[in-house]
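In this text, residue positions in the sequence shown follow my numbering: the first is 145, and each later residue adds one.
Here's the structure, in structure tokens; my notes come after.
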Amino acid sequence: MATTGELGKLKLAWRPGRASGDTTNEGHIMMPTPLAQELGENEWTFAFKISTGTFDEMKTAKYAYERLTPSISYQKQALNVFINRLDNKIWPLEEKIDLEKEFSMLGLPRELLVSAIYPSYRKKDAFVVRLANLTKKSVTIDKKILTDVKIVNALEEEIVYTEEIQPYDYITLQMTL
């Protein structure tokens, strides 16, 4: 775990934008952030889930995924925003992007778990979606979904694959926007 008690860093080789820490220019101050420090003891948790009835692999996999997926949060700092302006630390977008409130690229069977979504490394305007079948039964994907995507390996090379994801197997889809 690494934390810092100040926002900004002196003597950087490359300083993008108007960042704090460059004390050679007026208005570029080191900003104390004591609440960001990890002081004292750290506490770690683990879990057991005990339930009655029949063991359901998919429910267990989803529970583990939800429990282990980190939450995205923002730590509110008590900074004087008049003196310590944060708006000059944000880079403007090169082009404005308007996004729909909701957007769906594909509908998936409930038996599948999305294990990763990331921009394609090899194709512009494409995303990679990795799906996991964490059950002991094969899962069939609708042929309509497979007509709009490429099935690829981890290197994003197209591979031949059936519409069926085998038990405890993964499938990787490359989707062009």
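Backbone N, C-alpha and C fix where the C-beta goes; we use that ideal spot for every residue, glycine too.
Assignment of Ile303 by DSSP, reduced to helix, strand and coil, places it in the coil class. With a contact defined as Cβ atoms closer than 8 angstroms, Ala180 and Leu278 miss out at about 37 angstroms. Among the bridge pairs identified by DSSP, Lys268 is matched with none. Here Asp286 is not near Met319, since their CB atoms are 9 angstroms or more apart. Under the three-pair Cβ rule at 8 angstroms, the segment 298-311 counts as touching the segment 258-278.
Nearest neighbour of Ile194 by Cα position, chosen from Trp188, Ala208, Thr147, turns out to be Ala208.
Assigned with DSSP and collapsed to three states, Tyr262 falls in strand. In this structure, the straight-line span from the alpha carbon of Lys294 to that of Asp313 is close to 17 angstroms.
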